Amino acid sequence: MNKTLRALFGATALLTLAGAAAAETTITVATVNNGDMIRMQGLMDDFYAKNPDIKVEWVTLEENVLRQKVTTDIATKGGQFDVLTIGTYEVPIWGKQGWLVGLNDLPAEWDKADLLPAIAGGLTVDGELYAAPFYGESSMVMYRKDLMEAAGMTMPDAPTWADIKAAAAAMTDKSKEQYGICLRGKAGWGENMAFLTAMSNSYGAKWFDENWNPQFDGAAWKATLTDYLELMNNYGPPGASNNGFNENLSLMQTGHCGMWIDATVAASFVTGKDSQVADKMGFALAPDNGLGKRSNWLWAWSLAIPAGSEKVDAAKAFVAWATSKEYTQLVASKEGWANVPPGTRTSLYENPEYQKVPFAKMTLDSINSADPTNPTVDPVPYVGVQFVAIPEFQGMATATGQQFSAALAGTTSLDDALAASQELTKTEMTKAGYIK
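Using the working numbering, the letters of the sequence shown correspond one by one to residues 6 to 441.
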């Protein structure tokens, strides 16, 4: 065999072996159990048609459990997952630590420049994109127009907390299991503390002063918790300390909530086919207190690849498919434009068909009005709207979330919950070296 034939034969053999190996590539994707992610699993035939050599195994978990498992896995280099569903809190911290694979080399047609700047900025470290946003969100008021009208009231597009209190009182009829307001009460740094941190910003509260001293012993946090507990105890559903995003979504869809202040991404679910009040929903910006900050957050559930994955190319192919403009078109063709993953791409909000969706503009306005670099009324040493972008935040906010959930359940007092939160946060920040 001459050298040319040998070279050809060798190259062909290598290609054959590579093809055989590729045919056996199975990636494991860890994701959250919300509607958009569940919908994606039902559309995998499109991915397999384009990537016949890749198979996907899903690990679908409740939000708090997902965060715990992926954090443990990546910190210990466990290697259980090839694609992680993580949020705007984790990405910059993990990217800086070298725990994630950079994604600046996704195909040109994926169009990184099309990402909304507010969303892409939170997923980028030193110019490198470390996660691809599947959907982006802020928070807003979702309310029953029919109940507001029956109460003789009108919801402003930009309400205050006083407007919210008045509306909650007017729409509550406990004899009908009709509650004026539903808010997150389930303990978790991404559950009740996401909501309460965003709410506290509008009250002039903050987690830390400029020297990293905790601020739970201040008047602004007490005012936040006082109003939150008053709203939930007087006008909220029973058992609210167990309710997170999914539980409140179910209550809203079945007609038990007059208002729900939560993620903008929920708008497609409260107006969708599973909602009994789909044609009765209205939307408004998250409330403020006249201090210059609204209580809306900024978040993206994004797909990232852990640095320990041995299947990076297959993982990138999946990430690029799931977060592409083409995937958006696929969802629109199957489910309608109201159900596409929102909040990630400029082109979506420029699309005349999507502009007809009743909550599209309010979602974009909410995202654009959140400012992670200036999240509070007073200057602070951290970034992040509904979280503090330091590694220690996750543990501290989980613990404070348990305190505030207990206050809602009535097993501890408001003052004791705040005092315990102040003490535990001060202890952790001193141990971590922030407080000298």
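From the three backbone atoms N, C-alpha and C, an ideal C-beta is built for every residue, glycine too.
Quantities reported herein were computed from a predicted structural model and do not represent experimental measurements.
### Query
Are the beta-carbon atoms of Asn-248 and Gly-190 separated by less than 7 Å?
In the sequence shown, the residue the question calls residue 248 occupies position 243. In the sequence shown, the residue the question calls residue 190 occupies position 185. A contact, by the Cβ cut-off of 7 Å.
### Task
Assign Asp-87 to one of two classes, buried (16 or more other C-beta atoms within 10 Å of its C-beta) or exposed (fewer than that).
The residue given as residue 87 occupies position 82 in the sequence shown. It is buried - the Cβ of Asp-87 has at least 16 other Cβ atoms within 10 Å.
### Task
Return the chain-ordered ranges of every alpha helix (DSSP H) run that is complete within the region 313-367 and spans a minimum of 4 residues.
Listed in chain order, they are 317-327, 330-340, 351-355 and 357-360.
#### Entry: Same chain only: Cβ atoms within 8 Å of Ala-322, ignoring 5 sequence neighbours per side
Within the sequence shown, residue 322 is the residue found at index 317, counting from 1. For Ala-322, where only same-chain residues beyond five positions count, the Cβ hits under 8 Å are Asn-56 and Ile-59.
### Message
Using only CA atoms, which one of Trp-342, Ala-210, Ala-167 and Lys-441 lies nearest to Lys-361?
### Response
Within the sequence shown, numbered from 1, the residue matching residue 361 stands at position 356. With distances taken between Cα atoms, Lys-361 lies closest to Trp-342.
### Query
What do you reckon, are the CB atoms on Ala-136 and Ala-394 nearer than 7 Å?
Counting from 1 along the sequence shown, the entry for residue 136 is found at position 131. Counting from 1 along the sequence shown, the entry for residue 394 is found at position 389. No, Cβ-Cβ distance for Ala-136 and Ala-394 is not below 7 Å.
### Alpha carbon of Ala-225 to alpha carbon of Ala-268, nearest angstrom
As a working note, residue 225 is residue 220 in the sequence shown. As a working note, residue 268 is residue 263 in the sequence shown. Ala-225 and Ala-268 have their alpha carbons spaced roughly 24 Å apart.
### Pair within 7 Å by beta-carbon distance, Val-164 and Ala-289
By 1-based counting over the sequence shown, the position of residue 164 is 159. By 1-based counting over the sequence shown, the position of residue 289 is 284. It is Pro, not Val, that sits at residue 164 in the sequence shown. Their beta carbons are under 7 Å apart, which means Pro-164 touches Ala-289 by this criterion.
### Task
For chain D, find out if any of its Cβ atoms is closer than 7 Å to the Cβ of Asp-214; answer yes or no.
Here chain D cannot be found, since the structure has a single protein chain.
### Query
With respect to the beta strand (DSSP E) encompassing Glu-142, which residues constitute its N-terminal and C-terminal limits?
To locate residue 142, count along the sequence shown from 1; it is residue 137. Counting along the chain, the beta strand (DSSP E) containing Glu-142 begins and ends at 137-142.
### Task
Please list, in chain order, all residues of the same chain as Lys-339 whose beta carbon is under 8 Å from its beta carbon, the five residues on each side excluded.
The count along the sequence shown starts at 1 and reaches residue 339 at position 334. So the list reads Leu-48, once near-sequence residues are dropped.
### Query
Among residues of its own chain, excluding the 5 on either side of Trp-166, which ones have a beta-carbon nearer than 6 Å to its beta-carbon?
The sequence position of residue 166 within the sequence shown is 161, counting from 1. Non-local C-beta neighbours of Trp-166 in its own chain, meaning closer than 6 Å and more than five positions away in sequence, comprise Pro-292 and Asn-294, ordered along the chain.
### Task
Determine, using beta carbons only, whether Gly-406 and Met-204 come nearer to each other than 7 Å.
Within the sequence shown, the letter at position 401 stands for residue 406. Within the sequence shown, the letter at position 199 stands for residue 204. Going by beta carbons, Gly-406 and Met-204 fall outside the 7 Å limit.
### Query
Are the region 137-151 and the region 346-354 touching, with three or more C-beta to C-beta distances below 8 Å?
Touching, per the Cβ criterion.
### Coarse secondary structure for Tyr-53, derived from DSSP in three states
Locating residue 53 in the sequence shown gives position 48, counting from the first residue. Looking at Tyr-53 - three-state DSSP - the assignment turns out to be helix.
### Query
Just to confirm, are Gln-408 and Ser-426 a CB contact at a threshold of 7 Å?
For this step, residue 408 is matched to residue 403 along the sequence shown. For this step, residue 426 is matched to residue 421 along the sequence shown. Yes, the Cβ-Cβ distance between Gln-408 and Ser-426 is below 7 Å.
### Query
When the distance is taken between beta carbons, is Val-75 closer than 7 Å to Ala-125?
The sequence position of residue 125 within the sequence shown is 120, counting from 1. The sequence position of residue 75 within the sequence shown is 70, counting from 1. No, Cβ-Cβ distance for Ala-125 and Val-75 is not below 7 Å.
### Task
Give the DSSP-derived three-state secondary structure of Pro-287 in the structure shown.
Within the sequence shown, the letter at position 282 stands for residue 287. The sequence given here has Gly at residue 287, not Pro. DSSP places Gly-287 within a strand segment (E or B) once states are collapsed to three.
### Query
Is DSSP giving Glu-62 helix, strand or coil here?
To locate residue 62, count along the sequence shown from 1; it is residue 57. In this structure, DSSP gives Glu-62 an extended state, which the three-state scheme calls strand.
### Query
Rounded to the nearest angstrom, how far is the Cβ of Ser-307 from that of Ile-91, given a contact under 8 Å?
For this step, residue 307 is matched to residue 302 along the sequence shown. For this step, residue 91 is matched to residue 86 along the sequence shown. About 6 Å separates the two Cβ atoms, so the contact holds.
### Query
In whole angstroms, what is the alpha-carbon distance linking Glu-62 and Asp-318?
The count along the sequence shown starts at 1 and reaches residue 62 at position 57. The count along the sequence shown starts at 1 and reaches residue 318 at position 313. When the Cα atoms are used, Glu-62 and Asp-318 turn out to be separated by approximately 16 Å.
### Message
Below 8 Å on the Cβ atoms is my contact criterion, and I expect Trp-217 with Pro-386 to pass it. Report the Cβ-Cβ distance as a whole number of Å.
### Response
In the sequence shown, the residue the question calls residue 217 occupies position 212. In the sequence shown, the residue the question calls residue 386 occupies position 381. With a Cβ gap of about 6 Å, Trp-217 and Pro-386 count as contacting.
### Query
Three or more beta-carbon pairs under 8 Å between the region 109-127 and the region 257-265, yes or no?
No, the region 109-127 is not in contact with the region 257-265.
### Message
According to DSSP, Ser-307 sits in a beta bridge with which residue or residues?
### Response
Along the sequence shown, read from residue 1 onward, the residue named residue 307 stands at position 302. Beta-bridge pairing links Ser-307 to Ile-91 and Pro-138.
### Message
Considering only DSSP beta bridges, list what Phe-213 is partnered with.
### Response
Taking the sequence shown and counting its residues from 1, the one referred to as residue 213 is at position 208. By DSSP's assignment, Phe-213 forms a beta bridge with Pro-219.
### Message
For Gln-73 and Ala-155, I'd like the C-alpha separation in whole angstroms.
### Response
If you number the sequence shown from 1, residue 73 lands on position 68. If you number the sequence shown from 1, residue 155 lands on position 150. Going by the C-alpha atoms only, they are around 44 Å apart.
### Query
Can Leu-369 and Leu-230 be called in contact, C-beta distance under 7 Å?
Residue mapping note: residue 369 aligns to position 364 of the sequence shown, counting from 1. Residue mapping note: residue 230 aligns to position 225 of the sequence shown, counting from 1. Not a contact, by the Cβ cut-off of 7 Å.
### Query
Hey, Glu-68 and Phe-250 are a contact pair by Cβ (cut 8 Å); roughly how many whole angstroms apart?
By 1-based counting over the sequence shown, the position of residue 68 is 63. By 1-based counting over the sequence shown, the position of residue 250 is 245. With a beta-carbon spacing of about 7 Å, Glu-68 and Phe-250 fall inside the 8 Å limit used to define contacts.
### Gln-391 beta carbon less than 7 Å from that of Trp-265
The count along the sequence shown starts at 1 and reaches residue 265 at position 260. The count along the sequence shown starts at 1 and reaches residue 391 at position 386. Contact flag unset, no.
### Message
Quick check on the burial criterion: 16 or more other C-beta atoms within 10 angstroms. Buried or exposed for Thr-118?
### Response
Your numbering for residue 118 matches position 113 in the sequence shown. First, the residue type needs correcting, since residue 118 is Ala and not Thr in the sequence shown. By the neighbour-count rule (16 or more Cβ atoms within 10 Å), Ala-118 is not buried but exposed.
#### Entry: Under 7 Å between C-beta atoms of Met-147 and Ser-371
Residue numbering aside, residue 147 sits at position 142 when the sequence shown is read from its first letter. Residue numbering aside, residue 371 sits at position 366 when the sequence shown is read from its first letter. No.
### Query
Looking at the unbroken alpha helix (DSSP H) that takes in Ile-169, where does it start and where does it end?
Sequence index remark: in the sequence shown, residue 169 carries index 164 (1-based). For Ile-169, the enclosing alpha helix (DSSP H) begins and ends at 166-176.
### Through-space distance from Ser-314 to Ala-26, alpha-carbon basis
Working through the sequence shown from its first residue, we reach residue 26 at position 21. Working through the sequence shown from its first residue, we reach residue 314 at position 309. Confidence at Ala-26 is low in this model, with a pLDDT of 44, below 50, so the placement of that residue is unreliable and no value is reported for it.
#### Entry: Distance between Glu-196 and Trp-304 (C-alpha atoms, nearest Å)
Mapped onto the sequence shown, residue 304 falls at position 299. Mapped onto the sequence shown, residue 196 falls at position 191. Between the alpha carbons of Trp-304 and Glu-196 lies a distance of about 13 Å.
### Query
Shortest alpha-carbon distance to Ala-123 belongs to which of Val-106, Ala-375, Gln-220 and Ser-280?
Against the sequence shown, residue 123 aligns to sequence position 118. Closest option to Ala-123, Cα to Cα, is Ala-375.
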